[in-house]
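Novice: With our numbering, you'll find the sequence shown wraps up at 225, consecutive numbering, no jumps. All residues carry an ideal CB built from backbone N, CA and C; glycine is no exception.
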Amino acid sequence: MTELTIAIAKGRLQAEALDLLTSTGLGFSIETLQSRRLAIEDESGRYRFIFVTPADVPVYVEHGIADCGIVGRDVLLESAVDLLQPLSLNIGACRIVVAAKNDAPLGQLGMLRVATKYPRIAARHFGARGVAVDIIQLSGSVELAPVLGLADCIVDLVETGKTLQENGLSIVEVITESTARLVVNRASYQLNAEAVGRLIKSLDDTLGRRARGD
Ligand code: PRP
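In structure tokens form, the structure reads like this:
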């Protein structure tokens, strides 16, 4: 019987998350891993994994559809949901930055037009500095906005820096660092304490072994 349902952020984090779970001893058949199925079980049948858009991981966990989730801190900072975050997973490292065209005179502008997939993080960042901003919310390819004149700068995630570089943008300021977190639904943490505790321990042990290079 399935003990836990775990929501995993699709995309950049997915392979690293499955690799980490495999290192804890969970088995997945090649067929399962290569399929496009959005809900799979591990070979023991104890865990069910659902693959959802990163921003939806906190939603599934908060509503208790998933007991736990694996998602970037960037997504959690942008989300308003109340989840337990018992473990930082040391995968999916990236930074949230302000970036602009290499020669942009940002300091001389009055109202700054900021394009982003992270409107809350951007508003908090500029709000704390007393900078007036017009936040333009986009869903992706945010780097195009300054290039095409839609915005003066962006607040976006940077991993390798390649996308910024290849679009003629550079980092103005690092807002924060991000890695993936294990998140847990508050009720599951109480009601399913044994299974959640086992998952946390096996992930923690695996991270410890990785840190020691075992
Ligand atoms: C993210 C982010 C940047 C890019 C950064 O986009 O928004 O565009 O990755 O990665 P890099 O520093 O390694 O180049 P994502 O791939 O999630 O796609 P999106 O454009 O749809 O947001």
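(1) Starting from Thr127, follow the alpha helix (DSSP H) in both directions and report where the run begins and ends.
(2) Do the CB positions of Leu218 and Leu15 come within less than 9 Å of each other?
(3) Determine the burial state of Pro69: buried for a count of at least 16 other Cβ atoms within 10 Å of its Cβ, exposed for fewer.
(4) Only counting the same chain, and skipping five residues up and downstream in sequence, which positions put a Cβ closer than 7 Å to that of Pro97?
(5) Can you tell me whether Asp215 is helix, strand or coil according to DSSP?
(6) In this structure, does DSSP put Phe60 in helix, strand or coil?
(7) Determine, using beta carbons only, whether Val86 and Asp78 come nearer to each other than 9 Å.
(8) Hey, is Arg223 close to the ligand PRP, as in C-beta under 8 Å from one of its heavy atoms?
(9) Output yes or no for whether 9 Å exceeds the beta carbon distance between Ile19 and Ile107.
(10) Compare the beta carbon distance of Leu88 and Ser189 with 9 Å and say whether it is the shorter of the two.
Specialist: Let's see:
(1) Segment 123-127 is the beta strand (DSSP E) holding Thr127; no alpha helix (DSSP H) there.
(2) no
(3) buried
(4) Leu193, Val195, Ile211
(5) helix
(6) strand
(7) no
(8) no
(9) no
(10) yes
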